[in-house]
Amino acid sequence: MSEPIKMSPCAFCGGPPVTIITTTLFPRQHVDRVADYGEDGLSVEARVYCHECGAGGETAEDEICDAESYDDVMLDAIGKWNLRDKRHADLYESSDRAGRNLYPRADA
162 MSEPIKMSPC
172 AFCGGPPVTI
182 ITTTLFPRQH
192 VDRVADYGED
202 GLSVEARVYC
212 HECGAGGETA
222 EDEICDAESY
232 DDVMLDAIGK
242 WNLRDKRHAD
252 LYESSDRAGR
262 NLYPRADA
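Taken in order, the sequence shown gives residues 162 to 269; the numbers are from the numbering used here.
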């Protein structure tokens with residue numbers, strides 16, 4: 162793995178982020194980072210969630226075969242977590258300019 166990536170605090174409560182990788186099939190089980198996941202690899206889901214309020218980021222799914230692919234899917238989940246409150250900023254801004262972010266609305 163290259164340089165560490167700083168995870169953003171929760172967009173809702175400012176709480177600390179927590180990472181998790183589990184198997185995709187029931188029963189879901191935690192997956193530790195190891196050097197080799199066997200000839201067939203392992204289907205996993207990675208995500209980041211808030212330790213305080215439980216808000217979750219978007220899930221990253223992939224087949225992992227080694228520690229490097231484990232890191233890759235985790236970095237994908239962290240990237241999604243860090244961008245979650247910025248992805249639709251343009252939609253919020255356009256709604257704000259139109260007065261749709263107010264309650265009650267003047268036109269209601």
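Ideal Cβ positions, reconstructed from N, Cα and C, are used throughout, including at glycine.
On the three-state DSSP scale, how would you describe residue 208?
Within the sequence shown, numbered from 1, the residue matching residue 208 stands at position 47. In this structure, residue 208 counts as strand in the three-state DSSP scheme.
Of the choices 195, 246, 194, 212, whose alpha-carbon is the least far from that of residue 219?
Here residue 219 refers to the residue found at position 58 of the sequence shown. Comparing Cα positions, the closest option is 246.
In three-state terms, what does DSSP make of residue 166?
Taking the sequence shown and counting its residues from 1, one reaches residue 166 at position 5. Three-state result, residue 166: coil.
So, residue 205 versus residue 181, is the Cβ gap smaller than 8 Å?
Mapped onto the sequence shown, residue 205 falls at position 44. Mapped onto the sequence shown, residue 181 falls at position 20. Going by C-beta atoms, residue 205 is not nearer than 8 Å to residue 181.
Simplified DSSP assignment, three categories, for residue 176
As a position in the sequence shown, residue 176 is number 15, starting the count at 1. Residue state, collapsed to three classes: coil.
Let me know the alpha helix (DSSP H) ranges lying completely inside the stretch 208-254, each 4 residues or longer, listed in chain order.
228-244
Using CA coordinates, which residue listed in 216, 222, 214, 197 is at the minimum distance from residue 184?
The residue labelled residue 184 in the question sits at position 23 within the sequence shown. Checking every option, the nearest Cα to that of residue 184 belongs to 222.
Per-residue burial, residue 194 [other beta carbons within 10 Å of its own, 16 or more giving buried]
As a first step, residue 194 must be located in the sequence shown, where it is residue number 33. Looking at its Cβ environment, which holds fewer than 16 other Cβ atoms inside 10 Å, residue 194 is exposed.
Is it buried or exposed, residue 253, if we count other Cβ atoms within 10 angstroms and call 16 or more buried?
Within the sequence shown, the letter at position 92 stands for residue 253. Exposed: under 16 other Cβ atoms inside 10 Å.
Could you give the distance in angstroms between the alpha-carbon of residue 229 and the alpha-carbon of residue 214?
For this step, residue 229 is matched to residue 68 along the sequence shown. For this step, residue 214 is matched to residue 53 along the sequence shown. One C-alpha to the other measures close to 30 Å.
Could you pull out every residue in the same chain whose Cβ sits closer than 7 Å to the Cβ of residue 174, ignoring the five residues on either side in sequence?
Within the sequence shown, residue 174 is the residue found at index 13, counting from 1. For residue 174, where only same-chain residues beyond five positions count, the Cβ hits under 7 Å are 211, 213, 214.
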